[in-house]
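Engineer: I'd like to ask some things about the structure below.
There are 2 protein chains.
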Amino acid sequence: MTRASKRPGEFELIAKYFAPLARAEPGAFGLTDDAALFRPKAGHDLVVTTDAIVAGVHFLPDDPPDTVAQKALRVNLSDLAAKGATPRAYLMTAAFTHTVDETWLKAFVRGLKRDQTLFGLALIGGDTVATPGPLFLSVTALGELAAGKMLARAGAKAGDDVWVTGTIGDAYCGLKILRGDGLGLGDKERAALVARYRVPEPRAPLGPSLVGLASACLDISDGLIADFGHMSDASRVAIQIEVEAVPLSPAARAAVDRKRVALADLLTGGDDYELAIAAPASARARLAGRAAQAKTRLTRIGAVAKGRGVTAVRADGTALAIARTGFVHF
Amino acid sequence: MTRASKRPGEFELIAKYFAPLARAEPGAFGLTDDAALFRPKAGHDLVVTTDAIVAGVHFLPDDPPDTVAQKALRVNLSDLAAKGATPRAYLMTAAFTHTVDETWLKAFVRGLKRDQTLFGLALIGGDTVATPGPLFLSVTALGELAAGKMLARAGAKAGDDVWVTGTIGDAYCGLKILRGDGLGLGDKERAALVARYRVPEPRAPLGPSLVGLASACLDISDGLIADFGHMSDASRVAIQIEVEAVPLSPAARAAVDRKRVALADLLTGGDDYELAIAAPASARARLAGRAAQAKTRLTRIGAVAKGRGVTAVRADGTALAIARTGFVHF
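Protein sequences appear in the order of chains Z and Y. Residue numbers for the first sequence follow our numbering, beginning at 1 and rising by one. Residue numbers for the second sequence follow our numbering, beginning at 331 and rising by one.
Laid out in structure tokens, this is it:
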């Protein structure tokens with residue numbers, strides 16, 4: 001039928017698989033009403049973000065369904081973390097293909113459930129449709145934080161330090177491996193990199209604790225250089241990155257050492273979902289303390305200066321050649 | 331690239347076409363940050379809903395792009411109206427096909443802009459992706475209303491009146507016409523019905539004024555009988571609809587009179603996006619007054635009784651035969 005009415009199968013799908021994910025949140029009405037009720041905490045702002053992932057574009061069609069669910073949710077949770085917000089709820093629109101069966105759905109819901117528990121949020125609404133095209137998931141995530149405290153891309157100041165969470169370039173390597181290039185690595189290293197591509201680690205424990213310390217923050221989805229470029233544009237400052245200071249995982253480091261990937265590719269590859277942070281030097285000790293509390297690796301990789309654009313400089317003073325100039329401003 | 335990074339074309343697309351739609355709302359940051367800031371009014375609840383429309387399922391691939399945009403937005407605004415909420419903001423995920431060119435996009439954005447002005451809300455976030463599958467639009471809409479006042483599907487009580495806004499079955503007829511069945515109607519009548527299918531009329535002016543008067547409310551998307559069935563289920567009451575009282579447009583009436591469509595089809599066809607309302611008889615005069623203020627047709631079509639399920643009864647006392655029993659409880 002070319003109409004918006006739900007097919008009987010859709011009601012069952014929602015009741016059986018998705019309504020249980022909404023149980024913890026009374027305002028979701030078990031996904032049986034037209035809309036959800038969301039009561040923001042008094043004195044708090046809401047932070048809202050939406051991101052979609054498409055099979056063959058943002059994940060591989062044969063990725064395990066629980067990891068597909070987690071990626072759909074986590075790319076949004078990463079945005080909330082970058083704004084200093086604590087996740088509260090999400091809505092999901094799913095366009096399922098005919099290949100989606102009970103087994104797939106059960107694993108998919110298991111992935112959502114796991115992350116709801118881990119990150120402390122509930123499903124409060126959604127829509128499912130059938131599509132002859134690729135599987136498609138769109139998530140809208142709601143978080144909150146004290147009024148007026150949201151971290152932004154703008155705000156970095158000359159003299160600030162530049163920091164990054166976790167390690168950079170793992171997802172880039174993971175995708176290469178899934179496409180058949182083993183990068184000369186062992187099974188365990190390859191599995192670690194693939195996992196980083198499939199299931200990003202949103203820095204939800206750290207993000208809210210950056211409020212009051214960071215002068216600017218965003219999440220790295222387009223690539224470290226490109227996203228610091230966004231911070232540079234929004235803050236109207238120059239950002240200098242010390243290439244050798246950028247933290248790499250042992251597996252990614254091994255691939256670079258064996259010349260199977262270029263360092264420049266790791267810095268531009270994207271899909272990292274780490275936080276890019278600017279903060280005054282006076283905040284160093286407190287930042288380190290909060291990162292330790294959040295059990296999150298945090299590395300100082302450069303500094304903010306007057307001017308515009310991003311420079312990635314080696315220890316010997318030479319600039320790293322970055323091919324994808326469309327994203328980079330020197 | 332199989333990664334979440336934005337292609338350069340996507341930045342331009344957002345900057346050129348979508349960022350202007352976010353201009354009125356400072357918390358949208360011109361769609362350049364990771365997330366939007368939304369400051370709820372003090373003492374208000376947020377109402378959140380998400381609905382997706384897919385080409386070939388919820389609209390026709392050659393529908394005018396401005397009407398596609400309006401439908402994507404309006405099916406969500408209809409949900410907000412049914413909950414008594416006033417629209418404030420929306421986020422949109424668009425999966426565009428290669429057939430989407432500048433001309434299409436301009437018209438699409440024109441449709442969004444028109445409705446933003448008409449309904450008083452702003453775009454605060456979104457995502458665009460390319461898809462080889464059908465064009466797909468997912469909207470999340472945020473509305474608000476005084477805390478604790480949200481209208482629900484549950485709440486209808488024996489003795490209540492049952493009301494419906496606008497006219498029923500027009501979209502069903504409109505889709506039939508788009509598929510080549512003229513229903514024996516003239517050009518003007520056919521155009522009116524097609525317009526009702528393509529661009530539903532969310533009852534945004536009336537919805538918020540039902541707060542404090544309606545005991546239950548939902549929007550009719552699955553069909554009048556099916557959706558009163560949902561009210562019956564949620565409220566644990568029986569709902570009796572007087573078939574002859576259901577308001578039809580002159581064009582739909584003409585199609586019924588000429589026996590080109592069955593009355594039962596209009597009552598089950600769906601896509602009406604009218605409000606289904608239950609309210610105590612003591613509220614009749616006030617309801618009529620608010621409908622007049624909102625310039626919205628409001629018709630009493632039945633009553634709530636003890637029991638369960640929906641009955642659709644003719645003036646002669648016979649029940650209307652409804653084929654789609656999957657949706658209907660007698």
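Virtual Cβ for every residue (Gly too), placed ideally from N, Cα, C. These figures come from a predicted structure and were not determined experimentally.
1. State the CB to CB distance for the pair H374 (chain Y) and A501 (chain Y), rounded to an integer number of angstroms; the pair is presumed to be in contact (CB under 8 Å).
2. In this structure, does DSSP put Y90 (chain Z) in helix, strand or coil?
3. Where DSSP assigns a beta bridge to V439 (chain Y), which residues make up the other side?
4. Any C-beta of chain Y sitting closer than 9 Å to the C-beta of T165 (chain Z)?
5. Look up I555 (chain Y) in the DSSP assignment and say whether it is helix, strand or coil.
6. By a C-beta neighbour count over all protein chains shown, 10 Å radius and 16 as the cutoff for buried, is R23 (chain Z) buried or exposed?
7. Can you tell me whether V384 (chain Y) is helix, strand or coil according to DSSP?
8. For S249 (chain Z), which of helix, strand or coil comes out of DSSP?
9. State the Cα-Cα distance for the pair V439 (chain Y) and F348 (chain Y), rounded to the nearest angstrom.
10. Please report how far the alpha carbon of G632 (chain Y) lies from the alpha carbon of F558 (chain Y), in whole angstroms.
11. Relative to the C-alpha of V261 (chain Z), which residue among Z:V310, Z:D272, Z:I177 and Z:K295 is closest?
12. So V567 (chain Y) packs on A488 (chain Y), CB below 8 Å; how close in whole Å?
13. So, does the CB of G180 (chain Z) fall closer than 9 Å to a CB anywhere in chain Y?
14. Quick check: the Cα distance between E242 (chain Z) and A321 (chain Z), rounded to an integer number of angstroms?
15. Using only alpha-carbon positions, find the residue among Z:G317, Z:G309, Z:G307 and Z:H230 that is nearest to F341 (chain Y).
16. Please report the residue range of the beta strand (DSSP E) in which D491 (chain Y) lies.
17. Do you know how far the Cα of V68 (chain Z) is from the Cα of I53 (chain Z)?
18. Can you pull the DSSP bridge partners for G639 (chain Y)?
19. What first and last residue would you give for the beta strand (DSSP E) that runs through D181 (chain Z)?
20. Using 8 Å as the Cβ pair cut-off and three pairs as the minimum, do the stretch 609-621 of chain Y and the stretch 502-521 of chain Y touch?
21. What residues of chain Y sit near D79 (chain Z), judged by a beta carbon separation below 8 Å?
22. Beta-carbon separation of P417 (chain Y) and F449 (chain Y) under 9 Å?
23. If you follow the beta strand (DSSP E) that G456 (chain Y) is in, where does it begin and where does it stop?
24. Measuring straight from C-alpha to C-alpha, what distance separates A245 (chain Z) and A312 (chain Z)?
25. Starting from the Cα of L597 (chain Y), find the closest Cα among Y:E604, Y:A608, Y:I498 and Y:P530 and give me that residue.
26. Does any residue of chain Z have a CB that is nearer than 9 Å to the CB of D457 (chain Y)?
27. Taking the alpha-carbon positions, what's the R526 (chain Y) to A216 (chain Z) distance?
28. Terminal residues of the continuous alpha helix (DSSP H) containing L605 (chain Y)?
Structural biologist: On the basis of the data shown:
1. Actually they do not touch by this definition, with Cβ atoms about 32 Å apart.
2. strand
3. Per DSSP, none; premise fails for V439 (chain Y).
4. no
5. helix
6. exposed
7. strand
8. coil
9. Cα to Cα, the separation comes out at about 7 Å.
10. 11 Å
11. Of all alpha-carbon atoms in Z:V310, Z:D272, Z:I177 and Z:K295, the one lying nearest the alpha-carbon of V261 (chain Z) is that of Z:I177.
12. 6 Å
13. Contact of G180 (chain Z) with chain Y is not assigned, every C-beta pair being separated by 9 Å or more.
14. 13 Å
15. Z:H230
16. D491 to T495
17. 9 Å
18. Y:A568
19. Per DSSP, D181 (chain Z) belongs to no beta strand (DSSP E) and is neither H nor E.
20. No, the stretch 609-621 of chain Y is not in contact with the stretch 502-521 of chain Y.
21. D364 and A365
22. When the beta-carbon positions are compared, P417 (chain Y) and F449 (chain Y) come within less than 9 Å of each other.
23. Segment A452 to A460, the beta strand (DSSP E) holding G456 (chain Y).
24. 10 Å
25. Y:I498
26. It does; some Cβ of chain Z falls within 9 Å.
27. 47 Å
28. Looking at the DSSP string, L605 (chain Y) is not in any alpha helix (DSSP H); the run it does join, the beta strand (DSSP E), is E604 to A609.
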